[in-house]
Amino acid sequence: MATIHPTAIVSPEAHLDTDVVVGPYALIEGPVRIGARTRVGSFVHIQGHTTIGADCRIFTGACVGSIPQDLKYANEQTYLIIGDRTTIREYSTLNPGTAAGEATTIGSDNLLMAYVHVAHNCVIGSHVIIANNGSLAGHVTLEDYVVIGGMTGIHQFCRIGTHAIVGGCSKVTMDIVPYTTADGHPARPRGLNRIGLRRRGFSPQQIASIEEAYRILFRSGLNTSDAVRKIAQLPPSPEIRSILAFVAASKRGIARERSGGGDEGA
Numbered sequence: 000m001a002t003i004h005p006t007a008i009v010s011p012e013a014h015l016d017t018d019v020v021v022g023p024y025a026l027i028e029g030p031v032r033i034g035a036r037t038r039v040g041s042f043v044h045i046q047g048h049t050t051i052g053a054d055c056r057i058f059t060g061a062c063v064g065s066i067p068q069d070l071k072y073a074n075e076q077t078y079l080i081i082g083d084r085t086t087i088r089e090y091s092t093l094n095p096g097t098a099a100g101e102a103t104t105i106g107s108d109n110l111l112m113a114y115v116h117v118a119h120n121c122v123i124g125s126h127v128i129i130a131n132n133g134s135l136a137g138h139v140t141l142e143d144y145v146v147i148g149g150m151t152g153i154h155q156f157c158r159i160g161t162h163a164i165v166g167g168c169s170k171v172t173m174d175i176v177p178y179t180t181a182d183g184h185p186a187r188p189r190g191l192n193r194i195g196l197r198r199r200g201f202s203p204q205q206i207a208s209i210e211e212a213y214r215i216l217f218r219s220g221l222n223t224s225d226a227v228r229k230i231a232q233l234p235p236s237p238e239i240r241s242i243l244a245f246v247a248a249s250k251r252g253i254a255r256e257r258s259g260g261g262d263e264g265a
C-alpha cells in the first residue's frame, strides 16, 4: 500500500499503486493515477486527469497537471500522461492538453531538471534530458534521446529530432533535424551529435551515413527539396529514413546552417 505523510492531502478520487510514497504537504487532487514505487516529494501539487507511471521521482514544489496556460482553455477534460522511471526535479511545471480529449505526453526514462516548463499538447519521447529552466511552448515535440540545454526556449509547434542536442541559452524557432547539434539565437545546426551517437552505440558506418545526409542537406548548396531527393538515393538505412520522414513532416521548416559559419550576434 501507499505511504502518505500525515500532512499530505490526497483526493479520494486518486489511485496510488503499490509502494507509492507521498511526502510532507504534497497535494494530490482529482482522478490522478500514480504507478508503483513512484515517490512524490514535499510540497508537490498533482492534479486533474494526470497519469504517472512506475518508479518515477517528483521533487519538491513541482506542479504536475495544472491547467494549461492557454487563453483558449475552457475547462475541458484534458490529460497529462507520464511514463515510467521519469524524474521531475524541483519546481517544474507540466500542463495537460488544451482542447477536450487532448493530452500532453511524456515517455519513460526522462530527466526534467529544476524549473523546466512543459506546456500544453507537448509530446516528449523517452530517454530525453531537459536541463534547468528549459521551456517548451505548446505543441512542441521532442523525439527520443533528445538533450535540451539549460535556459533554452522552444517556440510552439517546433520539433526536435531523435538524438539531437540543443545547446544552452538557445532560441529554437524552427525544426531541428535528427542526429544534429544545434545552438544559437536562433538555434541553427552546427554539425552531427557525434559524441552522443557514439555513446549510444552507433557504428562508424552509421555515423558516416548520417554525415553524408547532413552534408547534402546543409552544405551542398541544394535547396531542401532537391537535397531530400538526393538523400533518398543514398543506401537505405533506419537513420536515412528517419531524416527523410522528419523533413517531410516539417510544418515550421527546418533550421539551416548559417552561411559563413559562426553564431548570429557573435
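Note that numbering that gives the first Met the number 0 numbers the sequence shown so that position 242 is 241, with each residue one more than the last. Heads up, the beta-carbon is just placed ideally off N, CA and C, and yes, glycines get one too.
Residue j beta carbon less than 8 Å from that of residue i
{"i": "aspartate 182", "j": "isoleucine 253", "result": "no"}
{"i": "tyrosine 144", "j": "threonine 179", "result": "no"}
{"i": "lysine 71", "j": "phenylalanine 156", "result": "no"}
{"i": "glycine 96", "j": "tyrosine 114", "result": "no"}
{"i": "glycine 106", "j": "serine 134", "result": "no"}
{"i": "histidine 154", "j": "asparagine 192", "result": "no"}
{"i": "glycine 47", "j": "glycine 29", "result": "yes"}
{"i": "threonine 140", "j": "leucine 111", "result": "no"}
{"i": "glutamate 142", "j": "proline 177", "result": "yes"}
{"i": "alanine 226", "j": "serine 219", "result": "yes"}
{"i": "glycine 22", "j": "alanine 35", "result": "no"}
{"i": "serine 41", "j": "alanine 25", "result": "yes"}
{"i": "glutamine 76", "j": "alanine 118", "result": "no"}
{"i": "phenylalanine 245", "j": "glycine 160", "result": "yes"}
According to DSSP, residues forming a beta bridge with residue i
{"i": "glutamine 46", "result": "Glu28"}
{"i": "alanine 102", "result": "Tyr78"}
{"i": "alanine 186", "result": "Gly183"}
{"i": "threonine 86", "result": "Arg56 and Leu110"}
{"i": "arginine 38", "result": "Val20 and Arg56"}
{"i": "threonine 92", "result": "Cys62 and His116"}
{"i": "isoleucine 242", "result": "Answer is none; isoleucine 242 lacks a bridge partner."}
{"i": "histidine 4", "result": "None; histidine 4 has no bridge partner."}
{"i": "leucine 233", "result": "Beta-bridge pairing links leucine 233 to no other residue."}
Rounded distance between the beta-carbons of residue j and residue i, thought under 8 Å
{"i": "aspartate 108", "j": "serine 125", "result": "5 Å"}
{"i": "valine 20", "j": "threonine 49", "result": "Their Cβ separation, rounded to whole angstroms, is 17 Å, which puts valine 20 and threonine 49 out of contact at 8 Å."}
{"i": "isoleucine 84", "j": "cysteine 55", "result": "Checking the displayed sequence, the identity of residue 84 turns out to be arginine instead of isoleucine. Contact holds; Cβ gap of about 7 Å."}
{"i": "valine 39", "j": "threonine 59", "result": "Actually they are not in contact, since the Cβ atoms of valine 39 and threonine 59 sit about 10 Å apart, beyond 8 Å."}
{"i": "arginine 255", "j": "arginine 189", "result": "Not really, about 11 Å apart at Cβ, beyond 8 Å."}
{"i": "glycine 64", "j": "isoleucine 45", "result": "6 Å"}
{"i": "threonine 104", "j": "isoleucine 66", "result": "Contact doesn't hold; Cβ gap of about 17 Å is too wide."}
{"i": "alanine 130", "j": "glycine 148", "result": "5 Å"}
{"i": "leucine 243", "j": "alanine 231", "result": "6 Å"}
Residue i beta carbon near the ligand ZN (any heavy atom closer than 7 Å)
{"i": "arginine 255", "result": "Only the bare structure without any ligand can be found here, which leaves the ligand ZN out of the picture."}
Could you tell me whether the region 163–170 touches the region 198–205, where touching means 3 or more Cβ pairs closer than 8 Å?
-> At 8 Å Cβ cutoff, the stretches do not touch.
In chain order, which continuous runs of the alpha helix (DSSP H) of length 4 or greater are located wholly inside the region 202–229?
-> Runs found: 203–218.
If you scan the region 94–175 from start to end, which runs of the beta strand (DSSP E) of 3 or more residues do you find wholly inside it?
-> Complete beta strand (DSSP E) runs here, min 3: 102–105.
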